[in-house]
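Working notes, beginning with the structure itself.
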Amino acid sequence: MTTTLSGATVLVTGANGGLGVEFVEQALEGGAAKVYATARNPRNWEDPRVVALPLDVTSEESVAAAAAAAQDVDVVVNNAGVLRYSDNVLTDDFDDIRSTFETNFFGALHVARAFAPVVAANGGGAFINVHSVLSWVAGYNAYSASKSAFWSATNSMRVELAGQGTHVVGVHLGYTDTPMVSEVTDEKAAPADIVRAAYDGFAAGRYEVLADERSVNVKNALSGPLEDLYPQLAR
Numbered sequence: 160m161t162t163t164l165s166g167a168t169v170l171v172t173g174a175n176g177g178l179g180v181e182f183v184e185q186a187l188e189g190g191a192a193k194v195y196a197t198a199r200n201p202r203n204w205e206d207p208r209v210v211a212l213p214l215d216v217t218s219e220e221s222v223a224a225a226a227a228a229a230q231d232v233d234v235v236v237n238n239a240g241v242l243r244y245s246d247n248v249l250t251d252d253f254d255d256i257r258s259t260f261e262t263n264f265f266g267a268l269h270v271a272r273a274f275a276p277v278v279a280a281n282g283g284g285a286f287i288n289v290h291s292v293l294s295w296v297a298g299y300n301a302y303s304a305s306k307s308a309f310w311s312a313t314n315s316m317r318v319e320l321a322g323q324g325t326h327v328v329g330v331h332l333g334y335t336d337t338p339m340v341s342e343v344t345d346e347k348a349a350p351a352d353i354v355r356a357a358y359d360g361f362a363a364g365r366y367e368v369l370a371d372e373r374s375v376n377v378k379n380a381l382s383g384p385l386e387d388l389y390p391q392l393a394r
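Take any residue in the sequence shown, count from 1 to its spot, add 159: that is its number in the working numbering.
Dropping the structure here:
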């Protein structure tokens, strides 16, 4: 089982985004020997320890090709995701809802299934799965549903991979100052702080990381009445 970045070979999905860039850079700061920075159209990186690798998580063929090219990976950061601002589960176009799930749930699951044997062959390894506070509470509803599904899959993955010595971390975060939530006006955390909390939790061997105060508050509220989470339901 791996719970250290020192000397590790790390693969980050969605590496072009605000969180993705931080996951790459902080992995290097933590001592990673190599980082595969993946995206549909990967950017250029100046650091020779970074390998830009094309990866479309919605394509099984692309995921399989990435896994074949990155056989030395022992830590996978499952970070790629999409958010549509109109994601109402009862009224939006079903194709848009399916597309959200294709990236946030099925895409992440494709990556996990393809790389589980790879990290096992390299000594056990680890997955760091990026969820959201919206895994636990409705908001941008199809996005929330897809992240909730991914959270549930992570719980199953954690149990299924324990036998091969693979550590699985689920990271929950609220609004973070990235292009994905540029239209949100609520207070946002800094991407660097979120990623630092994620890697610190990973290094400590935690199974779940609540990376900001909003995630802590919502997790604590889950045992209370639904009206506390959804005031609009109060009579």
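Every residue gets a Cβ at the ideal spot worked out from N, C-alpha and C, and that includes glycine.
These numbers were taken from a predicted model, which means no experiment stands behind them.
Check                                                                                                                                                                   : Outcome
Comparing C-alpha positions only, which one of Pro201, Arg202 and Val169 sits nearest to Glu188?                                                                        : Val169
Based on DSSP bridge pairs, tell me the residues matched to Leu369.                                                                                                     : His331
In this structure, does DSSP put Ala192 in helix, strand or coil?                                                                                                       : coil
Only counting the same chain, and skipping five residues up and downstream in sequence, which positions put a Cβ closer than 7 angstroms to that of Leu293?             : Tyr299, Tyr302, Ser303 and Lys306
For Leu381, which residues of its own chain have a beta-carbon under 7 angstroms away from its beta-carbon, when the five flanking residues on both sides are left out? : Trp295
Pull up the DSSP beta-bridge partners for Pro201, would you.                                                                                                            : Beta-bridge pairing links Pro201 to no other residue.
Rounded to whole angstroms, what is the Cα-Cα separation between His331 and Gly364?                                                                                     : 16 angstroms
Let me check understanding here. Comparing Cα to Cα, which of Arg373, Thr259, Thr163 and Ala297 lies closest to Arg243?                                                 : Thr259
Helix, strand or coil for Thr405, going by three-state DSSP, please let me know.                                                                                        : The displayed coordinates of the chain run from 160 to 394. Any statement about residue 405 would go beyond what the structure contains.
Under three-state DSSP, which class holds Pro213?                                                                                                                       : strand
Is Val171 near Ala196, with beta carbons less than 7 angstroms apart?                                                                                                   : yes
So is Phe182 buried or exposed if we call it buried at 16+ other beta carbons inside 10 Å?                                                                              : buried
Would Glu205 count as contacting chain C if we go by Cβ distances under 7 angstroms?                                                                                    : Here chain C cannot be found, since the structure has a single protein chain.
Could you check which residue in Ala308, Asp255, Ile256 and Gln230 has the C-alpha nearest to that of Leu268?                                                           : Ala308
For His326, which three-state DSSP category applies?                                                                                                                    : strand
Where does the unbroken alpha helix (DSSP H) through Phe361 begin, and where does it stop?                                                                              : Pro350 to Ala362
Pull up the distance between the alpha-carbon of Asp252 and that of Pro207, whole angstroms please.                                                                     : 43 angstroms
Does the separation of the CB atoms of Ala273 and Ala226 fall below 7 angstroms?                                                                                        : yes
Quick one: give me the first and last residue of the alpha helix (DSSP H) that Phe309 is part of.                                                                       : Asn300 to Leu320
My output table needs one value for Val180: the three-state DSSP class, helix, strand or coil.                                                                          : helix
Count the other CB atoms within 10 Å of the CB of Ser311; is the residue buried (16 or more) or exposed (fewer)?                                                        : exposed
Could you give the residue range of the alpha helix (DSSP H) that holds Phe253?                                                                                         : Phe253 to Phe260
Expressed to the nearest angstrom, what Euclidean distance is found between the alpha-carbon atoms of Leu392 and Glu205?                                                : 52 angstroms
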